[in-house]
Amino acid sequence: MTQHLPFRQVHLDFHTSPHIPQVGADFDAGDFVRTLEMGRVNSVTVFSRCHHGYCYYPTQVGTTHPHLGRDLLGEMVNACHAAEIRVPAYTTVVWDELAWATHPEWRMLTPTGHDFGPSDSPLKPGWKNLCLNTPYADYVIAQIEELLELYDVDGLFIDIVRYGASPCVCATCLGQMVQQDVDPEDAKQLRRFALAAERRFMARCSAAIRAKKPDQGIFYNSRLRMAWDPELGNRPEMNDFTHLEIESLPGGFWGYDHFPMYVRYFQTFDRELVAMLGRFHTTWGDFGGLRNREALEFECFQALAHGAVCSIGDQLHPRGKMDPAVYERIGAVYAQVEQREPWCVDTQPLPEIGVFTANVERPLASDEINESDRGALHVLEQLKLQFQFIDAGSDLSPYGLLILPDEVPLNTALTEKLRTFLGAGGRLLITDRSGLDETTGDFHLSPEMGLRYLGEAEFAPDYLVLEPELTHGIEPMHHVCLLQGARVSAEPGTQVLARSGAPYFNRTWQHFCSHQYTPIDQPTDEPIITQNGNVIYIARPLFREYAQDARRVHKQVLANCIQRLLPKPWVGAHNLPSTAIVTVRQQRDDLLVH
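The sequence shown: position 391 = 390 (numbering that gives the first Met the number 0), numbered continuously.
As structure tokens, this is what we get:
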């Protein structure tokens, strides 16, 4: 994929209350550009309309901010273009406080009868949702068309294009549901109806944009999500995206696991990637917060290591004056990014492992992280293995090993894909209930696994009794498994690599021992880890356990299993600590190690 997007971007928020005077009064185009240059910024996303619902240019469609006396957007675009700085424009969709206040018929209504958004009450400060099935969608699209007619912007960042945690059941939506025979009391049907509304809006909006400017860059924010079912994820929407921006400010609710997990998933999409970070100590709106230089360096360098360009979020003061201290900090980091750019252009990942995401049906709450996915991220990163997260629609050919962590479902189509993968010499690592067929009560791949499923494990916690094949790097004792797993029987010819050590009893109010759980009574013959050809099965949710407790022994057990299936990984023997993150990429004929 050819690299087109600049590496050193800033995303400039400007959500400005109508109760603030002198908006843009201190803006100076020359000073604006000089500050961006001090930050070594070569692309800045500026604002056409904000969450408060106001435009920052003379508009005939929307409402200009009541205390803005200039064409702030136009001045920014002209100044940046004169300095050869790229200028995409920002607008908002589901959040628009002015529209919410003046058009009650456009408001979203949840099944519980509440207006919904980060503010769940009209008396609570914060944003409230509008419905994409109402004429509000026409208003948004008309405003975007006006923007493209007036300004030669270099892309569109279209924000909040999802309802969030709840679908809408306003009068407009209910009428459409009746026409489409959708049952609003069925949660699954309701979620899919909302997803269809979001996608319908994007298709309409993209068509309108391309009618005005066919080559316009387009990104719809707050939609990216990992989903096992590609129909519930973003793959069906890719015609509406020219690139993907992974919004992931570690100081906010995203945390430090979100970006590496999402980037390893969206690498499998045929789109350029942007890592959207922040200069804030916490998250958006932290006007007085400044991210530590070391943190910002880590986040930017991690983006480069995964093939993404950087976009650092900032927020302009209402009077239009940028903070030099912020751009001094950004410039110190972006100077290092600029030095490394030649080794980051047009590179490709070299994954050896594909990890199926365990996120099954979460089409609305996009930022939730499944604990089994989190555990897989931690284990594989710490082992320096090269991996990507994948879904049921992914191409399996790049991978030598596939992992199904803890609770990954299979259907007929994916089962056959996995059989083909194994037939071509591929290898599988499966844990706990992954691949379990709830209808038959056995695994979809039972013959390939050489196992029969017998139900839930009798004891939880119980103990790992390892055979010599799995003891490398592990202290010679019986190690606990806290979470309840599966009970299986091994077919003849299946090798047992670990067995269960049974405690005296499960801990209950009637009988318990000591502070936490009951000690081991004796080893049993019940298999916990087995290998049948190229398939290893672990009957405990070790990935979820590692996410929750981070016991080194569980990581080492997984490492020993992976070593049996993938004996020659890209990163071999090393003396790096577990906290070191290593990625291997290719640039033409060169291997690059970050």
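Just so you know, even glycine gets a beta-carbon here, dropped at the ideal spot from N, CA and C.
Because the structure is a prediction, the values reported are computed rather than measured.
query                                                                                                                                                                                   : result
Could you say which of Val495, Cys54, Glu83 and Leu382 lies nearest to Arg69 if we only look at CA atoms?                                                                               : Cys54
Please classify Glu544: is it buried, with 16 or more other beta-carbons within 10 angstroms of its beta-carbon, or exposed?                                                            : buried
Considering only DSSP beta bridges, list what Ala501 is partnered with.                                                                                                                 : Gln521
Keeping to the same chain, check which residues put their C-beta closer than 6 Å to that of Ala82; ignore five residues upstream and five downstream.                                   : Val32
In terms of residues, what are the limits of the alpha helix (DSSP H) holding Ser371?                                                                                                   : Glu370 to Gln381
Go through its chain and collect everything with a Cβ distance to Arg14's Cβ below 7 Å, but skip five positions before and after it.                                                    : The identity of residue 14 in the sequence shown is His, whereas the question assumes Arg. Once the five neighbours on either side are set aside, the close Cβ partners of His14 are Cys49, His50 and His51.
Answer with buried or exposed for Val262, where buried requires no fewer than 16 other C-beta atoms within 10 angstroms of its C-beta.                                                  : buried
Taking Asp441 and Pro540 to be in contact with their CB atoms under 8 Å, please state how far apart those CB atoms are, rounded to whole angstroms.                                     : That belief does not hold up - the Cβ atoms of Asp441 and Pro540 are roughly 19 Å apart, past 8 Å.
What do you get for Lys123, buried or exposed, if any count of 16 or more other CB atoms within 10 angstroms of its CB means buried?                                                    : exposed
Return the residue from the list Leu108, Pro103 and Gln142 that minimises the CA-CA distance to Gly61.                                                                                  : Gln142
Report yes if the C-beta distance between Leu409 and His443 is below 8 Å; otherwise report no.                                                                                          : yes
Which one or two residues does DSSP pair with Met176 in a beta bridge?                                                                                                                  : DSSP output for Met176 lists no bridge partner at all.
Using the Cα positions of Gln547 and Gln188, report the straight-line distance between them to the nearest angstrom.                                                                    : 33 Å
Quick check: the segment 344 to 361 against the segment 396 to 407, are there 3 or more CB pairs under 8 Å?                                                                             : yes
Mind checking Pro317: buried by the 16 CB within 10 Å criterion, or exposed?                                                                                                            : buried
Quick one, which of Glu468, Leu565 and Gln381 has its alpha-carbon nearest Asn574's?                                                                                                    : Gln381
Give every residue of the same chain whose Cβ lies closer than 7 Å to the Cβ of Val592, excluding the five residues on either side of it in the sequence, and list them in chain order. : Val581 and Val583
Measure the Cβ-Cβ separation of Val552 and His478 and say whether it is below 8 Å.                                                                                                      : yes
Return helix, strand or coil for Gly454, following the three-state DSSP convention.                                                                                                     : strand
So, helix, strand or coil for Ile561, using DSSP?                                                                                                                                       : helix
Quick check: the Cα distance between Asn220 and Glu246, rounded to an integer number of angstroms?                                                                                      : 8 Å
Would you please state the rounded distance, in angstroms, between the beta carbons of Gly449 and Gly484? I believe it to be under 8 Å.                                                 : Not a contact, Cβ separation roughly 18 Å.
Who does Phe218 pair with in a DSSP beta bridge?                                                                                                                                        : Phe156
Which same chain residues, not among the five before or five after Ile19, have their C-beta less than 8 Å away from its C-beta?                                                         : His66 and Pro317
Got a sec, what are the start and stop residues for the alpha helix (DSSP H) Tyr326 sits in?                                                                                            : Pro323 to Arg339
Given this structure, state the Cα-to-Cα distance separating Gln338 from Phe218, to the nearest angstrom.                                                                               : 28 Å
From Ala226 to Gly232, what distance separates their C-alpha atoms?                                                                                                                     : 5 Å
If you drop the 5 nearest sequence neighbours on each side, which residues of the same chain put their C-beta closer than 6 Å to that of Arg486?                                        : Leu453, Gly454 and Ala456
Cα separation between Ile614 and Tyr536?                                                                                                                                                : Residue 614 is absent from the model: the chain starts at 0 and stops at 593.
With burial defined as no fewer than 16 other Cβ atoms inside 10 Å of the residue's Cβ, what is the status of Pro362: buried or exposed?                                                : Only weak support exists for where Pro362 lies, its pLDDT of 45 falling under 50; the value from the coordinates is given anyway. Result: buried.
Quick test of the definition: if touching needs 3 or more C-beta pairs under 8 Å, does the segment 382 to 395 touch the segment 506 to 520?                                             : no
Using the rule of at least 16 other Cβ atoms within 10 Å of the residue's Cβ for burial, across every protein chain shown, is Asp25 buried or exposed?                                  : exposed
Who are the Cβ neighbours of Lys211 in its own chain at under 8 Å, not counting the five residues just before and after it?                                                             : Glu144, Leu147 and Glu148
Going by C-alpha to C-alpha distance, which of Thr58, Trp126, Leu481 and Ala489 sits closest to Ala549?                                                                                 : Leu481
How long is the line joining the alpha carbons of Cys309 and Ile561, rounded to whole angstroms?                                                                                        : 33 Å
Could you tell me if Trp508 is buried or exposed, where buried requires 16 or more neighbouring beta carbons within 10 angstroms of its beta carbon?                                    : exposed
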